[in-house]
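Same order as they appear, the protein sequences are chains P and U.
Note that the working numbering has the first sequence beginning at 140, numbered continuously upward.
Note that the working numbering has the second sequence beginning at 140, numbered continuously upward.
2 protein chains.
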Amino acid sequence: MGGGPRFEPVRAVRAYERVVEQVEEAIEGGDLTPGQHLPSERELMVQFSVSRSTIREALRVLQARGLVRSRPGDPNGAEVLPFSPATLHKSMTTLARVAELSLAELVQFRMVLDSAAILLAARLRTEEQLREICEAVEALRAAAEEDPRGFGAADVAVHDAVARASGNKLIQICTDVVRSIVVKLVAERIADDPDRRALMRRSIRHHEEVLAALRAGDGPLAARLLRKAMYDYYADYVDESERSALRALLE
Amino acid sequence: MGGGPRFEPVRAVRAYERVVEQVEEAIEGGDLTPGQHLPSERELMVQFSVSRSTIREALRVLQARGLVRSRPGDPNGAEVLPFSPATLHKSMTTLARVAELSLAELVQFRMVLDSAAILLAARLRTEEQLREICEAVEALRAAAEEDPRGFGAADVAVHDAVARASGNKLIQICTDVVRSIVVKLVAERIADDPDRRALMRRSIRHHEEVLAALRAGDGPLAARLLRKAMYDYYADYVDESERSALRALLE
DNA sequence: GCTAGTGTACTGGTCTGACCAGTAGGCTAC
DNA sequence: GTAGCCTACTGGTCAGACCAGTACACTAGC
């Protein structure tokens with residue numbers, strides 16, 4: 140590539156960013172593990188030789204990234220947090236709002252990820268995990284009859300058990316995040332549905348069919364049934380013009 | 140729900156959080172659109188009746204969430220940014236590090252999402268999009284012969300064109316984010332591979348096969364070929380014990 | 001002895017006021 | 001008309017102060 144040194148544009152790096160970087164490295168490098176505490180702000184300002192404002196701005200950034208949490212009065216400093224998908228959830232939620240993701244896109248994403256999860260679960264699940272899934276479906280059936288308000292939560296539990304059984308943490312987290320967004324979007328509309336009971340019955344039948352395929356080890360069938368079930372469940376809430384994009388996954 | 144009002148736990152809400160909330164709502168509600176500027180910090184401290192420290196902490200949080208950017212000396216205040224997947228990328232990267240995602244999980248995720256993208260693209264693509272994909276593959280072939288260092292970038296361009304043609308922004312963004320993480324993880328190992336040239340040739344053959352299936356409108360075939368191609372490309376870098384999880388997607 | 005209450009020395013959250021380097025844009029001198 | 005300066009801002013940083021709250025050692029009462 141053409142001679143001469145290629146200079147990179149330098150951006151002024153602010154003091155609080157350097158603080159963020161150092162703490163971030165310490166956490167990702169394992170020098171600071173979840174549960175441990177940072178020094179107090181006044182101690183940090185000595186260690187970094189910056190003012191407390193700078194320290195505090197750095198802490199706000201770290202907190203926004205979900206790495207630490209500070210609590211007033213804590214004699215120790217800010218606590219290092221274990222990873223949680225909360226910030227991933229947050230950024231994906233604003234993505235959904237700001238980038239104007241349609242319900243159809245979100246549901247389509249769920250159809251892809253959840254069906255992949257069950258395909259994997261069908262092949263890789265342990266006996267223990269299968270048992271958990273069966274119990275979750277059982278609880279779903281019970282919820283439909285006894286406490287319809289708990290139906291949504293029970294449904295989430297089933298899908299989460301399947302996602303866990305897929306053996307892929309990333310799939311598990313992403314299905315969780317997107318699911319909660321979708322659920323939130325359609326929650327009120329479903330609650331108002333006059334045929335809510337019929338919907339629940341059909342949903343349970345679908346879950347049982349998928350479970351049967353899962354037990355039989357037929358991953359592709361389970362995945363196909365799940366996509367179909369999800370389509371049936373959400374199609375009514377999706378704009379007519381976008382429904383074809385969902386049907387493209389039904390083969 | 141047994142009688143009596145159900146009180147929700149109140150968490151002390153800090154001043155800067157209220158500022159963040161209000162600005163966030165204004166942005167998500169469309170009152171503030173990308174390109175517009177917030178009032179200056181000193182003006183904001185009057186409007187919110189808080190001190191500048193509080194305003195600044197709020198701005199740091201908003202900045203960490205990728206919603207605004209402030210530039211020293213700007214006579215206007217902080218600029219409202221258009222959405223970018225940067226923060227999603229950031230949180231997923233720390234997820235990969237802190238939650239200890241293995242390369243296998245990341246590749247598996249790519250196999251799922253990219254194959255879903257091409258399945259959708261096969262059915263929903265426009266002629267224009269098909270042309271873009273063909274051109275990207277053509278550029279890939281050229282890169283392999285003329286400028287091997289550009290091969291990686293050309294490969295990215297192909298996958299991105301396919302993701303765009305899927306018609307699902309969420310798929311597009313997620314494939315992009317995860318791809319860049321995977322690429323970074325294996326970059327040096329691939330660069331050191333003595334058989335790099337052979338790898339590129341095989342990769343091009345795979346791309347062409349997938350493209351042929353895409354042109355023929357055979358989405359499932361294209362998806363299957365893509366998963367196989369991706370498996371072949373990455374299998375060597377994945378721990379032996381985890382390879383079976385990847386093979387579970389090859390049916 | 002042990003417990004219940006008090007004190008105290010911290011913590012984080014917020015405020016005030018100040019300084020600096022830098023930008024933008026009007027103004028002036030040419 | 002233009003090139004240069006000047007001023008009035010901006011954000012970044014610092015210093016020092018106060019408050020409400022927590023944790024923990026200490027003390028008074030049993």
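Ideal Cβ placement from N, Cα and C applies to all residues, glycine included.
Just so it is clear, the structure is predicted and the values come from calculations on it, not from any experiment.
Sequence-ordered contacts of the stretch 232-244 of chain U with chain P read T233, L234, A235, R236, V237, A238, E239, L240, S241, A243 and E244 [C-beta pairs closer than 9 Å]. In the same chain as U:V325, and ignoring 5 residues on each side of it, the C-beta atoms closer than 8 Å to its own belong to L242, Y373 and Y376, in chain order. Beta-bridge annotation (DSSP): U:R208 is paired with U:E218. Only residues of its own chain outside the window of five on either side were considered, and among them V189 and T193 have a CB closer than 6 Å to the CB of P:A154, listed in chain order.
Excluding residues up to 5 positions away in sequence, A261 and A361 lie with their Cβ nearer than 6 Å to the Cβ of P:L353 in the same chain. According to the DSSP assignment, P:V316 belongs to the alpha helix (DSSP H) that extends over K308 to A330.
Looking at the DSSP output, U:H176 shares a beta bridge with U:E218.
Judged by their CB atoms, P:L177 and P:V207 are nearer to each other than the 8 Å cut-off. For U:P287, the closest Cβ of chain P is not nearer than 8 Å.
A straight line joining the alpha-carbon of P:S380 with that of P:R336 spans about 27 Å.
Cβ neighbours of U:G358 within its own chain (closer than 6 Å, five residues either side excluded): L258, A261 and R262. Exposed is the label assigned to P:N215, since fewer than 16 other Cβ atoms lie within 10 Å of its Cβ.
Contact between P:D253 and P:M369 holds, with the beta-carbon distance rounding to 7 Å and staying under 8 Å. Here P:E348 has L364 and A368 as same chain residues with Cβ atoms under 8 Å from its own Cβ, once five neighbours each way along the sequence are excluded. Here U:A278 carries a helix assignment [DSSP, helix/strand/coil]. For U:A300, the enclosing alpha helix (DSSP H) stretches over residues F290 to A304.
The C-beta separation of P:V158 from P:A197 comes to about 4 Å, placing the pair in contact by the 8 Å criterion. Contact between the stretch 264-280 of chain P and the stretch 290-304 of chain P is present: three or more C-beta pairs spanning the two stretches fall below 8 Å. Look at U:T265 here: in three-state DSSP terms it is coil, with no helix or strand label. The C-alpha of U:R195 lies about 38 Å from the C-alpha of U:A292. When C-alpha distances from P:I312 are compared across P:R181, P:S223 and P:G169, the shortest belongs to P:S223. Residues of chain P whose Cβ lies closer than 9 Å to the Cβ of U:K308 are, in chain order, L234, A238, E239, L240, S241 and E244.
At the C-beta level, P:P173 and P:L227 stay beyond 8 Å of one another.
Taken through DSSP and simplified to helix, strand or coil, P:E164 comes out as helix. When rounded, the separation of the alpha-carbon atoms in U:L309 and P:R344 is 30 Å.
If you ignore the 5 residues before and after U:M184, its C-beta comes within less than 8 Å of the C-beta of S190, R191, T193 and I194, all in its own chain and listed in chain order.
Annotation for P:L385: the continuous alpha helix (DSSP H) segment containing it runs E379 to R386. The contact set of U:F222 on chain P, defined by CB atoms closer than 7 Å, consists of L234, V237 and A238 in chain order.
Where U:P287 is concerned, there is no enclosing alpha helix (DSSP H), because DSSP gives it neither an H nor an E. Around the beta carbon of P:A225, a 10 Å sphere encloses fewer than 16 other beta carbons of the protein chains shown; the residue is thus reported as exposed. For U:P224, the secondary structure class from DSSP, reduced to helix, strand or coil, is coil. Per the C-alpha coordinates, the member of P:S230, P:L388 and P:D213 positioned closest to U:G306 is P:L388.
For U:S342, the enclosing alpha helix (DSSP H) starts and ends at R335 to R354.
In the structure shown, P:V189 falls within a coil segment according to DSSP collapsed to helix, strand and coil. Contact of P:E180 with chain U is not assigned, every C-beta pair being separated by 8 Å or more. From the beta-carbon of P:E390, the residues of chain U found nearer than 7 Å are P359.
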